[in-house]
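Data block below; observations after.
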Amino acid sequence: MTGPSDSRVVRVWRGDADDGELVDFQVEAHEGEVVLDVLHRIQATQAPDLAIRWNCKAGKCGSCSAEINGRPRLLCMTRMSVFTQYDEIVITPLRTFPVIRDLVTDVSFNYTKAREIPAFVPPPGLGPGEYRMAQADVERSQEFRKCIECFLCQDVCHVVRDHEENKSAFAGPRHLMRVAELEMHPLDTADRVPAVQDQHGLGLCNITKCCTEVCPEGIKITDNALIPMKERVADRRYDPLVWLGRTISRRRD
Amino acid sequence: MTHLVRRILAPEFGAHGVHSRGRAAIGSGTVRLDNWWRAPAATTAGLLVFLLYGGFRAFQQQYFFADERYLTPFYSPCVSLGCASEPGSAHFGMFLPDNPLIPYAALSLPFLLGFRLTCYYYRKAYYRSIWLAPAACAVPEPHATYTGETRLPLILQNVHRYFFYVALLVSLVNTYDAIVAFKHPTDGFVVGVGNIVLLVNVALLWCYTVSCHSCRHVTGGRLKHFSKHPVRYWLWTKVSALNTRHMLFAWVTLGTLVLTDLYIALVAAGTVTDLRLVG
Amino acid sequence: MTDTERHEADVLVIGAGGAGLRAAIEARERGLRVAIVCKSLFGKAHTVMAEGGCAAAMGNVAEKDSWQVHFRDTMRGGKFLNSWRMAELHAQEAPDRVWELETWGALFDRTADGRIHQRNFGGHTYPRLAHVGDRTGLELIRTLQQRIVALQQADHAETGDHESRLRVFAECTVTELLTDGGAVAGAFGYWRESGRFVVFTAPAVVLATGGIGKSFQVTSNSWEYTGDGQALALRAGADLVDMEFVQFHPTGMVWPPSVKGILVTEGVRGDGGVLRNSRGERFMFGYVPDVFKGQYAQTEDEADRWYDDQDANRRTPDLLPRDEVARAINTEVKEGRGSKHGGVLLDIASRLPAEEIKRRLPSMYHQFKELADVDITAEPMEVGPTCHYVMGGIDVDPDTGATAVPGLFAAGECAGGMHGSNRLGGNSLSDLLVFGRRAGIGAADHVGGLAARGGRRPAVHDEDVDAAAELALAPFARAAGGVDEDGAAGENPYALHADLQRTMNDLVGIIRTEAEMTAALDRLAGLRARLRDVVVEGHRQYNPGWHLALDLRNMLMVGEAVASSALRRTESRGGHTRDDYPTLDARWRHRVLVTHTRTDGPADPVVPRVAVDVAERDPMRPDLFALFELEELEKYYTPAELTAHPEGGTP
Ligand SMILES: Cc1cc2nc3c(=O)[nH]c(=O)nc-3n(C[C@H](O)[C@H](O)[C@H](O)COP(=O)(O)OP(=O)(O)OC[C@H]3O[C@@H](n4cnc5c(N)ncnc54)[C@H](O)[C@@H]3O)c2cc1C
Ligand code: SF4
Ligand code: SF4
Ligand code: FES
Ligand code: FES
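In order, the protein sequences belong to chains A, B and C.
Mapping the first sequence onto UniProt numbering, position 201 (from 1) lands on 201, and the numbers just tick up by one.
Mapping the second sequence onto UniProt numbering, position 249 (from 1) lands on 249, and the numbers just tick up by one.
Mapping the third sequence onto UniProt numbering, position 299 (from 1) lands on 299, and the numbers just tick up by one.
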């Protein structure tokens, strides 16, 4: 974008679960605006029923997730100035979840998965106000708690994006990270390592890092959550000696 | 060209993945217009060059020891009976049979290969570039089914930790090689360009090895309470800082390995002469 | 009225922010079946955006802190108009509510000895805000959300059904409360996704719908803040109080235009940031009002020393309560000392090392970098006032959150009284927890009491459901007619909304006059007429135009409540500043303005008309009154009232 105000063509996918198409809108874009501003202008002047989710308009709530030129992004944190006058701007809904209408998708998958992760288990006998934790000990989990649940990582992860059939076996990066968060919580007393592999599908992740690439909070999901969890599983499962022992005993029965 | 590549790499697959029922019917598997195929293409090229060069050199069994003191990392430790062809190159004895199919460093090379093959970074690199799972983010992968690292053989990736331990030993050996290279059998203590090359190479190899995710885990990552283990916590913060550059070290060391080896091979072949800086 | 989807619960909680979730948790822990309804997805409520922290006198950083000091700060901040009972409960219970979050997994920033760290904020005597960087609201809502999941998991283990006792209805908007003989019986709403209607029946309903900021043009609030709870309560027969008090946060972004109003946390100033005008002066030193004289530093040196030694020095006037700072900025800009884009400069870059800024204020750093291309570690931010919070709200019983309508409770920002004429930063998050819990108990006791008395549960009447459905569909009905009888095209809801926002911003904004407010009421009357002609396009499935058309009903009702109350209060106090009555007036201190629906005159079912009455606030309990120095009270109270003080005023 060059001048303080420009007229641009923005292609927005409109449709529902049955069918849809990319619709071109000719719309003004002013200096400093983000893609969400432009979509709001389309809503106010051309397509009042254009369905979009948003709340905070400041990258804090994770509502406005969509795909811009094929990449999962927050509509409110993508400035129009990143596109040149000649760039095409194509806005589509998240493509891993069922679409409801226009840019709004059914993200209930993520809430279902959240419910499958066992909650924090506090230490017995420690009352409210008695918790003592060092800053160094909470920092790792705090990074993961920055998550705004935009589900962009869940959307981009090829394990479910490209394989619908994996949805039942795979919690997705956001929730695998939640397991890591609790595992690293200095006062959580539950053992989460067997389940992360067996129930939440950590083994399906091939650490290709797309989740990290799209995370608007800049959380190093793969390096700081997923790989450390894989290492914890390795501690427990893939110590060659332990493994050998188990394989032999399994052969025997 | 772009379009052709895109069509080959991202074919449309019936009602799979992004075309599953209920998902937005957008037609093309990806609407990315940027040159997303460049990164995987470059990775493939880079890995291929290294494998070809490394494979050739590992079996060449010539030009691996220069100026009676420089041993290339591709032949370290030199433990084949064949190492006798270059007196002084075997620092740890000679016991493997001399056979064209057995590299002189057959004791370390398989482990180093295993270390890099199971490395979390290289896994990402070749899963993306060679296996195309996925070639780039939000670009559909061309496989009908996907089981990740849950089954044989890929489940074996989990043994990375043990390759790391061996790699530590090999790094010690490489360090020893770099140090003894300062001692010329006749001239005594000398410093040549080759010494610098070996030192830089070994330093970067350490960076790569120590920045390993398994290393990060065993030094401190596995702890729940950093505050109770100040020394390990300190170590962990240092390893973590290096770890953020693990990918960089992975590529840089491929480069330095090739360059170091090439330099030694050229000196050994007499094509270039090693410049003496001291002695 | 045939096939509307129906759900039954013991307690219906409308709103899934901090207050709603805390209420739901409490009611569920007391064994009741709870339904939670919210307009957005679960976990996206406004609470998620809170930045700075949650005030609670835990005394972790300043040992001298206590609930009494917190109580005094709250009353002072609200200029002694607060419901003192709410302020008392709030100050006493906030620490327990914060500690409880830890047992549910919250991870606040820590002190060196491992306790919850607390930061400085405007109007708080001691560092008191529990926080996580500048994303405290996210921590709070996520913890409550995860607590709900934990309870659902426990229910699943027991009954095989996650939702047997706690069920969340997300993206579902309530448009009307349903009553039976004056008592609440349930609620009527629609699913945003499908546009289909849904009826909830419950003998107790907790309103926790948050604020009204979306009626103003420059605001830190999201589309959700359309005053739904306030309007629902009014229409069901409850009262609102203190609606003239709207907080304009002094530091919102001013540039670029599209982000104007987005909040810059007070934590920036709490951590050392200072305000400067275009001449580089720290102008706040010139704006310490008489009532706060002696409590704030008079020189820059003293103010700077205060960050390190809070006992020997007084705090910087940059941390005066929000109403004072917002007015000061307004004056600076008006008198020509503003920044390039009509704000003032907030400078943290020259006060803290870059790394420290990024560590303490990561999301501010990110926000400015991404949205304004400003690196706050190198340059100052441009800031100006933005509509942020409404102190007024539904009139509730301090102890239980009960409203005048049997079975109807309210908590959080939509309830009034707690903050008086001005809220202190950080007092909202703690308010949500304290009064959310209390409303949960209130609702549970109400349901229990009903059962104990063998009382019949109020029933939903079909004709009420039909009427609500008809009102909700009216904008489509008009669309089907194409044009109305006069042949004029229908009104666009977005245009109507923009007009409403401009009216409220320009005429009932930060500085008010009688003429402007009278004009505002006229304009609102015009908008009320136009609302009847609103037309929406398309169908009912996820149609934001339609949603806005329905929200406008509430915004108009609340707008009238604000403007009418503001017109009535002929003094300046806290979040209400009158150009024509520029000073505090002790005779207004004990008076609260109560808004209720009007029963006289022509009825308007779309936007029922409101009226404002004056009521008296109960005098403060003597033991609480005695917590203040007589000298301070003299600045606020009439001499006659001061005779109640133990040191006794001279009558
Ligand atoms: C940017 C920003 C920063 C802030 N920072 C702080 C801070 O640092 N410290 C502090 O103490 N306070 C802060 N506040 C204020 C505080 O965040 C809010 O006052 C508080 O979160 C309100 O919480 P609540 O539970 O009352 O409502 P909310 O969290 O707003 O929740 C309202 C809920 O009601 C639902 N709802 C509304 N209408 C309907 C309807 N018709 N039908 C169904 N559901 C409905 C919404 O969907 C939502 O779930 C900040 C506010 C903002 C905007
Ligand atoms: S790193 Fe793992 S979880 Fe993340 S996107 Fe890739 S496969 Fe999915
Ligand atoms: S981890 Fe990042 S990308 Fe994933 S949901 Fe959270 S904020 Fe979004
Ligand atoms: S609207 Fe909240 S993240 Fe974009
Ligand atoms: S060497 Fe790359 S992760 Fe271990």
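For glycine and all other residues, C-beta sits at the position ideal for the given N, C-alpha and C.
Only a predicted model underlies this, so the values are computations on that prediction, with no experimental measurement involved.
Check	Outcome
Nonlocal neighbours in the same chain, by C-beta distance under 8 Å from G46 of chain B, ignoring five residues either side	W251, L254
Pair within 8 Å by beta-carbon distance, L207 of chain C and F435 of chain C	no
Range covered by the beta strand (DSSP E) that runs through S5 of chain A	5-15
Closer than 8 Å to chain A by CB, N35 of chain B	no
Cross-chain neighbours of H158 of chain A in chain B, by beta carbon under 7 Å	A133, P134, E141
Simplified DSSP assignment, three categories, for Y307 of chain C	coil
Extent of the continuous beta strand (DSSP E) run through L277 of chain B	276-278
Nearest-angstrom beta carbon gap, Q247 of chain C and G575 of chain C [assumed within contact, 8 Å]	5 Å
Three-state class that DSSP yields for E183 of chain A in the structure shown	helix
Local Cβ density within 10 Å of H70 of chain C, reported as buried at 16 or more and exposed below that	buried
Selection from A:R145, A:I248, A:D37 that minimises the alpha carbon distance to L182 of chain A	A:R145
Top-ranked residue by Cα proximity to T78 of chain A, from C:L507, C:L627, C:W223, C:S258	C:S258
L130 of chain B at chain A interface by Cβ criterion, 8 Å	This sequence places Ile at residue 130 of chain B; Leu is not what is there. So no, I130 of chain B is outside the interface.
Proximity test, Cβ basis, 8 Å: I262 of chain C and chain A	yes
Y190 of chain C in three-state terms, based on DSSP	strand
Residue-level contact to chain C via CB, N55 of chain A, 8 Å cutoff	yes
Chain A contacts from the stretch 535-568 of chain C (Cβ-Cβ distance under 8 Å)	V536, E537, G538, H539, Q541, Y542, N543, P544, G545, W546
Selection of the stretch 203-231 of chain C by Cβ proximity to chain A, strictly under 8 Å	S222, W223, E224
Where H249 of chain C sits in the DSSP three-state scheme	strand
Buried or exposed (CB count within 10 angstroms, at least 16 for buried), T237 of chain B	exposed
Chain-ordered neighbours of Y86 of chain A on chain C, where CB pairs are closer than 7 Å	Neighbours of Y86 of chain A on chain C: none; closest Cβ ~22 Å, over 7 Å.
Backbone CA spacing between P100 of chain B and V138 of chain A [nearest angstrom]	56 Å
Proximity to W54 of chain A [Cα-Cα], best of A:G218, A:H40, A:A47, A:R101	A:H40
Test item, CB below 7 Å from any non-hydrogen atom of ligand 4	A:L36, A:W54, A:N55, A:C56, A:K57, A:A58, A:G59, A:K60, A:C61, A:G62, A:S63, A:C64, A:L74, A:L75, A:C76, A:M77, A:I148, A:C150
CB contact check: E102 of chain C to chain A, cutoff 8 Å	yes
Spatially closest choice to A138 of chain B from A:I248, A:K230, A:E143, A:R71, by CA coordinates	A:R71
Segments assigned alpha helix (DSSP H), at least 4 residues, entirely inside the stretch 71-158 of chain C	84-103
Residue nearest to C150 of chain A in terms of C-alpha spacing, selected from A:Q135, A:L74, A:K220	A:L74
Rounded straight-line distance, which links the Cα of M504 of chain C to that of F80 of chain C	26 Å
Sequence-distant residues of the same chain with beta carbon closer than 8 Å to P97 of chain B, five excluded per side	S80, L81
H3 of chain B classed as buried or exposed, judged by whether at least 16 other C-beta atoms fall within 10 angstroms	With a pLDDT of 44 at H3 of chain B, under the threshold of 50, the modelled position of that residue is not reliable, and the figure given next carries that caveat. Exposed, since its Cβ has fewer than 16 Cβ neighbours within 10 Å.
Sequence-distant residues of its chain with Cβ nearer than 6 Å to V168 of chain C (five each side left out)	I36, F42
Chain A contact for A41 of chain B (CB, 8 Å cutoff)	no
C215 of chain A CB to nearest heavy atom of ligand 3 below 7 Å	yes
Element boundaries [beta strand (DSSP E), containing L22 of chain A]	20-30
Beta carbon of A66 of chain A nearer than 8 Å to that of P93 of chain A	yes
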